[in-house]
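Inspection log for the structure reproduced underneath, given as structure tokens.
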Amino acid sequence: MMSVVQVSSREMLAETCIIMLLLQRCFSVDLTYHVEEEKNSGTYIGNIAADSLLMDSVALQDHGQITFNQLQQRQSERAQLFNVSKTGKLYTTEKIDAEVLCTYNTECFRIIKVAVHRADSFMQILKIKVYIEDVNDNYPVFPKESISIEFSEEHSKGVKRSLPNAIDRDVSFRNSQVSYVLEKNLNEPFTLSVTKRGFGTSELGIVLEESLDREIKDTYMLQVIAKDGGVSPRQGVLKVQISVIDVNDNPPVFSDKVYNVSIKNTHRTSVPIIILSAKDLDYGKNSQVSYHFSSKTSEGTKKQFRLDENSGEVFLRGKVSSNRISSLKLYIDATDGGNPPLSSIALVLVNIVSQQNNAPTIEINFVSRLKENVAAISEGIKVGSFIAYVNVIDNDIGLNGEVDCEITHEKFQLLNLGSNEYKIIMKKQVDREVKEFYDIQLICQDKGSPSLKTVRKFSIQVMDVNDVQPQFTKDTFKFLTYENEKPSFPVGFINATDPDLGDGGRLTYYLTGNRKKIFPFEITNNGFISTIQSLDREQQDIYEFKVFVKDNGSPSLNNTANVIVEVMDENDNAPYFTFPSVNPFNLDVHYHPQSKNDITVIRASDRDRHVNSFLKYEIVGGNNKHLFTVNPYAGVLSFSRTVYQNDAGSYNLLLVVKDSGSPVLSATTTLSLTLTVSNKTAKIQTTVQLQSEDMIDINWVIVIAVIAVLLAVAVAVFVTMCIVKCNNINSHNQNINPKLHIKKEKRLLISRASTPGTISSNPGTITRTPEGERSRNIQATEVGNQLYPGSELQNEWRSSCIARGLLPSSQACNLTSGKGGVEEGTFMTLDQNSGLETSYKNNRHGWIKGENGLYEEIPAFKRM
Numbered sequence: 001m002m003s004v005v006q007v008s009s010r011e012m013l014a015e016t017c018i019i020m021l022l023l024q025r026c027f028s029v030d031l032t033y034h035v036e037e038e039k040n041s042g043t044y045i046g047n048i049a050a051d052s053l054l055m056d057s058v059a060l061q062d063h064g065q066i067t068f069n070q071l072q073q074r075q076s077e078r079a080q081l082f083n084v085s086k087t088g089k090l091y092t093t094e095k096i097d098a099e100v101l102c103t104y105n106t107e108c109f110r111i112i113k114v115a116v117h118r119a120d121s122f123m124q125i126l127k128i129k130v131y132i133e134d135v136n137d138n139y140p141v142f143p144k145e146s147i148s149i150e151f152s153e154e155h156s157k158g159v160k161r162s163l164p165n166a167i168d169r170d171v172s173f174r175n176s177q178v179s180y181v182l183e184k185n186l187n188e189p190f191t192l193s194v195t196k197r198g199f200g201t202s203e204l205g206i207v208l209e210e211s212l213d214r215e216i217k218d219t220y221m222l223q224v225i226a227k228d229g230g231v232s233p234r235q236g237v238l239k240v241q242i243s244v245i246d247v248n249d250n251p252p253v254f255s256d257k258v259y260n261v262s263i264k265n266t267h268r269t270s271v272p273i274i275i276l277s278a279k280d281l282d283y284g285k286n287s288q289v290s291y292h293f294s295s296k297t298s299e300g301t302k303k304q305f306r307l308d309e310n311s312g313e314v315f316l317r318g319k320v321s322s323n324r325i326s327s328l329k330l331y332i333d334a335t336d337g338g339n340p341p342l343s344s345i346a347l348v349l350v351n352i353v354s355q356q357n358n359a360p361t362i363e364i365n366f367v368s369r370l371k372e373n374v375a376a377i378s379e380g381i382k383v384g385s386f387i388a389y390v391n392v393i394d395n396d397i398g399l400n401g402e403v404d405c406e407i408t409h410e411k412f413q414l415l416n417l418g419s420n421e422y423k424i425i426m427k428k429q430v431d432r433e434v435k436e437f438y439d440i441q442l443i444c445q446d447k448g449s450p451s452l453k454t455v456r457k458f459s460i461q462v463m464d465v466n467d468v469q470p471q472f473t474k475d476t477f478k479f480l481t482y483e484n485e486k487p488s489f490p491v492g493f494i495n496a497t498d499p500d501l502g503d504g505g506r507l508t509y510y511l512t513g514n515r516k517k518i519f520p521f522e523i524t525n526n527g528f529i530s531t532i533q534s535l536d537r538e539q540q541d542i543y544e545f546k547v548f549v550k551d552n553g554s555p556s557l558n559n560t561a562n563v564i565v566e567v568m569d570e571n572d573n574a575p576y577f578t579f580p581s582v583n584p585f586n587l588d589v590h591y592h593p594q595s596k597n598d599i600t601v602i603r604a605s606d607r608d609r610h611v612n613s614f615l616k617y618e619i620v621g622g623n624n625k626h627l628f629t630v631n632p633y634a635g636v637l638s639f640s641r642t643v644y645q646n647d648a649g650s651y652n653l654l655l656v657v658k659d660s661g662s663p664v665l666s667a668t669t670t671l672s673l674t675l676t677v678s679n680k681t682a683k684i685q686t687t688v689q690l691q692s693e694d695m696i697d698i699n700w701v702i703v704i705a706v707i708a709v710l711l712a713v714a715v716a717v718f719v720t721m722c723i724v725k726c727n728n729i730n731s732h733n734q735n736i737n738p739k740l741h742i743k744k745e746k747r748l749l750i751s752r753a754s755t756p757g758t759i760s761s762n763p764g765t766i767t768r769t770p771e772g773e774r775s776r777n778i779q780a781t782e783v784g785n786q787l788y789p790g791s792e793l794q795n796e797w798r799s800s801c802i803a804r805g806l807l808p809s810s811q812a813c814n815l816t817s818g819k820g821g822v823e824e825g826t827f828m829t830l831d832q833n834s835g836l837e838t839s840y841k842n843n844r845h846g847w848i849k850g851e852n853g854l855y856e857e858i859p860a861f862k863r864m
């Protein structure tokens, strides 16, 4: 029975070995062994010859011919960790440290290849997998043995302050798993908060359970115990000092938890492979971030990279072969300058690749597309509005596939959406009236070496919106028109512009004003103003109203301007006498030797204006003795010669007043004058005296005749010279010459009466005293000054016209001073080619005396 059992046991063992061998063959591993770390050099691991069952297939006498040889590792590997004897026994060659050989939370093993020979012949190669069992030989370690934190006495329950976590360098999950316990005195208002985070670390915090009172206690001493999960757990202690003040409570935050970087194996050591950036919301030193390799980064990896603590730049220390290493892991801690310092961790995956570099490809999708590479936007679009989506494709790896895009434009902006996606938005408001098309360049460039870029050009057209108010060319329009014209007589043109397109640029005009007044004007859609009825200057000489313009856009925009229309005078009113006020008018005059020659002042008025109201007085009847005369401009009635006793009697003087319009209008009246002469005057005229006086009159006639002949000769010579020079002057000049006589006539207004006198009147008459005579003379002088300015004004105007090039030397000017010092009158132009002359009439808006003393033209003339 015993032998049967032994045979059965052997058979079962053989079958088990065969099954294990087959399973190992399936996983490409012939044998698997386990060894704990930290064992001494020469530690026995196992017998490959016995465990591989190779001896069972070899005769017993041939066992000595079977030898085992360990194959050499790659030159890049470090020294051999294991040794295989010729007989197939496996030993360690040195003390093994799992933390140096392996990374956190991964299987830690090494593959050994063993060649089996029978005598000189090769049998096979065995793959031996040796698992390195992690031993809990490291205890959790805090970055510092003690730390100080602060709380404000204003803080309420739930406020937390972060603590640095402990790191256990053991590689197995169990041995490196750390748990925390807070040791404190009874009734201290703090608890420990532990939050798991990535890569086997935890986020620690001291939580305030109730508000603090610094005046009662300002310092607390606590301990945080960190224990690992090993069979025989190890622990680390962090001493925590809590001060009741404000503290740094914001840790640095990386933009990403994991960074994936690809580099070529020929990457230069002077160029950073990545620039890490962690932002801290605190201020001052609490926001100053420094970068360090985390203790989770293996020592071998640290030797290959260099980290700038201030800038976060990561550099290679030397060239890295992509055939040996394809990916490396860097754990980076970002620590701020607070007290205590806060930190966060990020993982940088460095992929070493070698690949051809290609330029990026740009795809643009517009919100509103007109045609290829042309998009449309409204000029009313708001700032920040989305215009287009941009997708950049670059299938390269590493820096060759990292692309930066930019648009350099004042109106549009490119925003990065991540993953090589962008959007184009409005940066500033656009105005179609200023610019309608924008040409834009989108440049995308990768970070390869050499760097490759792609340029995409497109255009944006701005569509019109009715956003511009119609604008008048000026705020106030002033026009001149004439009275007594037929309806629809043109007055002027209102000019308004609107740069909008379509209905937004089509304008409609309206006249607005006081609803109680009806304006005799209308306006067309083109801005032309005309009359709707005949105008009468004597009823109203100036019209003031507004013109309203609106466009046909939606919504409609409008504007207003002021309009002033002045009605120019026509000679349509005859003058009328204001004194004498009745017809006939009785006037008694007593003459004595001390009397002045002036008798009274004849006054008349005319509702017309300017030259049409310029009046002249004459005696046309009842003055057979030539005893009386009247100043034609001042209206002063006076004795024309010496008064004698026989001149006493009654006189019916027929007076006429005429205006200077065209045609001339007039009015007449009769002055019944009764003259009494004092006895102290001269005796009755004799025949000799009459002849003497007649001789004086004849002498004056002769003198005047001689002067007239001389003037005629001078005029003839002057006309002859003009004909030689111009060859085109005709007799039309004679129509202007009467106007030029105004210069002579206005001098008559300066003269005054020389002798005072007294007039006694009947009922209905007036009494004149020397003071009254003075007043009358002043009034007469003022009337004259209003009608005629100084003679030097015409010469000044004509000189200024010629000097400024307004009139050639062949043109004549005849102006009088109007209202407000503005000149009015006529001027004549001569066509040098045809010899035709044209006269123009100007009113007070025609010529304005400027600051330099010269007269400037306002185009407000009517052809005569």
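Residue numbering for the sequence shown follows UniProt numbering, starting at 1 and increasing by one per position.
Think of the CB as a built atom: it goes at the ideal place given N, C-alpha and C, for glycine as much as any other residue.
The model shown is predicted, which means the values in this text are computed figures rather than measured ones.
For this session: Evaluate R609 with the Cβ neighbour count: other Cβ atoms within 10 Å of its Cβ, from every protein chain shown; 16 or more gives buried, anything less gives exposed.
Result: R609 comes out buried.
For this session: Tell me whether T301 sits in a helix, a strand or coil according to DSSP, three-state version.
Result: In the three-state reduction of the DSSP assignment, T301 falls in the helix class.
Exercise. Hey, is the stretch 376 to 390 in contact with the stretch 470 to 477, meaning 3+ C-beta pairs nearer than 8 Å?
Worked result: The stretch 376 to 390, when compared against the stretch 470 to 477, does not touch it at the 8 Å Cβ threshold.
Problem set entry | Beta-carbon proximity check, Q223 vs V244, cutoff 8 Å | Q223 is not a Cβ neighbour of V244, given a cutoff of 8 Å.
For this session: Answer yes or no: do L637 and F628 have a C-beta to C-beta separation smaller than 8 Å?
Result: Yes, the pair counts as a contact, with Cβ atoms nearer than the cut-off.
For this session: Can you tell me the Cβ-Cβ gap for L71 and S52, rounded? I've got them flagged as a contact below 8 Å.
Result: Actually they are not in contact, since the Cβ atoms of L71 and S52 sit about 16 Å apart, beyond 8 Å.
For this session: Please state whether DSSP places D588 in a helix, a strand or coil.
Result: Here DSSP, grouped into helix, strand and coil, assigns D588 to strand.
Problem set entry | Through-space distance from K264 to A359, alpha-carbon basis | Taking the CA atoms as reference points, A359 sits about 17 Å from K264.
For this session: Check V434 in the structure and name its three-state DSSP category.
Result: Reduced to three states, the DSSP call for V434 is coil.
Exercise. From what residue to what residue does the alpha helix (DSSP H) around V100 run?
Worked result: Counted as a single uninterrupted DSSP element, the alpha helix (DSSP H) harbouring V100 occupies residues 98 to 101.
For this session: Using a threshold of 8 Å, state whether the C-beta atoms of V589 and I599 are closer than that.
Result: It is a contact, given that the beta carbons lie within the stated cut-off.
Exercise. Counting only runs that start and end within the UniProt domain "Cadherin" (27 to 142), where is the beta strand (DSSP E) found for 3 or more residues in a row?
Worked result: Here the runs fully enclosed are 31 to 36, 44 to 47, 66 to 70, 82 to 84, 89 to 92, 109 to 118, 121 to 133.
Exercise. Roughly how many angstroms separate the alpha carbons of G622 and F579, rounded to a whole number?
Worked result: Approximately 18 Å, taken between the alpha carbons.
Problem set entry | Contact set for R234: own chain, Cβ-Cβ below 6 Å, skip 5 residues either direction | The residues Y139, D228, in chain order, have a CB closer than 6 Å to that of R234 in the same chain once the five nearest residues on each side in sequence are set aside.
Problem set entry | Per-residue burial, L370 [other beta carbons within 10 Å of its own, 16 or more giving buried] | Exposed, because fewer than 16 other Cβ atoms sit within 10 Å of the Cβ of L370.
Problem set entry | Beta carbon of S672 nearer than 8 Å to that of N652 | At a Cβ-Cβ threshold of 8 Å, S672 and N652 count as neighbours.
Exercise. From what residue to what residue does the beta strand (DSSP E) around R603 run?
Worked result: Taken as a continuous stretch (DSSP letters only), the beta strand (DSSP E) holding R603 covers 603 to 605.
Exercise. Looking only at its own chain, which residues have a Cβ that is under 8 Å from the Cβ of S368, when we skip the five neighbours before and after it?
Worked result: Close CB contacts of S368 within its chain, under the 8 Å cut and outside five residues either way in sequence, are with A375, A376, I377 (chain order).
Exercise. If we call anything under 8 Å between Cβ atoms a contact, is S385 one with N466?
Worked result: Cβ distance not < 8 Å, so S385 and N466 don't count as in contact.
Exercise. Whole-angstrom Cβ separation of residue 866 and V261, contact assumed at under 8 Å?
Worked result: With the chain covering 1 to 864 only, the question about residue 866 has no answer from this structure.
Problem set entry | Spatial distance of E538 from E485 (CA atoms) | Cα-Cα distance, rounded: 14 Å.
For this session: For V643, name the three-state secondary structure that DSSP assigns.
Result: Coil.
For this session: Look at G88 and A119 and say whether their C-beta atoms are less than 8 Å apart.
Result: No, they are not a contact pair.
Problem set entry | I167 versus Q65: straight-line alpha-carbon distance, rounded | Going by the C-alpha atoms only, they are around 52 Å apart.
Problem set entry | Endpoints, the alpha helix (DSSP H) within which S176 is located | Run containing S176: 173 to 176, per the alpha helix (DSSP H) assignment.
For this session: State the Cα-Cα distance for the pair I702 and L711, rounded to the nearest angstrom.
Result: I702 and L711 have their C-alpha atoms some 14 Å from each other.
Exercise. Hey, is the stretch 522 to 536 in contact with the stretch 450 to 470, meaning 3+ C-beta pairs nearer than 8 Å?
Worked result: For the pair of segments examined, the stretch 522 to 536 was found not to touch the stretch 450 to 470: the number of CB pairs separated by less than 8 Å stays below three.
Exercise. Across which residues does DSSP place Y633 in a beta bridge pair?
Worked result: Its beta-bridge partners do not exist; DSSP assigns none.
Exercise. Below 8 Å, can you find three or more Cβ-Cβ pairs linking the stretch 131 to 138 to the stretch 96 to 108?
Worked result: Yes, the stretch 131 to 138 is in contact with the stretch 96 to 108.
Exercise. In chain order, what residues of the same chain lie with their CB nearer than 6 Å to the CB of I275, ignoring the 5 residues before and after it?
Worked result: Around I275: G312, E313.
Exercise. Does DSSP put T674 in a helix, a strand or coil?
Worked result: DSSP places T674 within a strand segment (E or B) once states are collapsed to three.
Exercise. How many whole angstroms separate the CB atoms of T508 and V549, which I take to be in contact at a CB cut-off of 8 Å?
Worked result: The beta-carbon separation of T508 and V549, rounded to 7 Å, stays under the 8 Å limit for a contact.
For this session: Compute the Euclidean distance between the alpha carbons of R506 and D498, then round it to the nearest angstrom.
Result: So the two alpha carbons sit approximately 8 Å from each other.
For this session: State the start and end residues of the unbroken beta strand (DSSP E) segment that holds T361.
Result: For T361, the enclosing beta strand (DSSP E) has its first and last residue at 361 to 366.
Exercise. Among I128, V237, S57, which one has its Cα closest to the Cα of P143?
Worked result: Measuring from the Cα of P143, the nearest candidate turns out to be V237.
Exercise. Can you tell which of K285, V434, S488, T93 has its C-alpha closest to the C-alpha of L501?
Worked result: Nearest option by C-alpha distance: V434.
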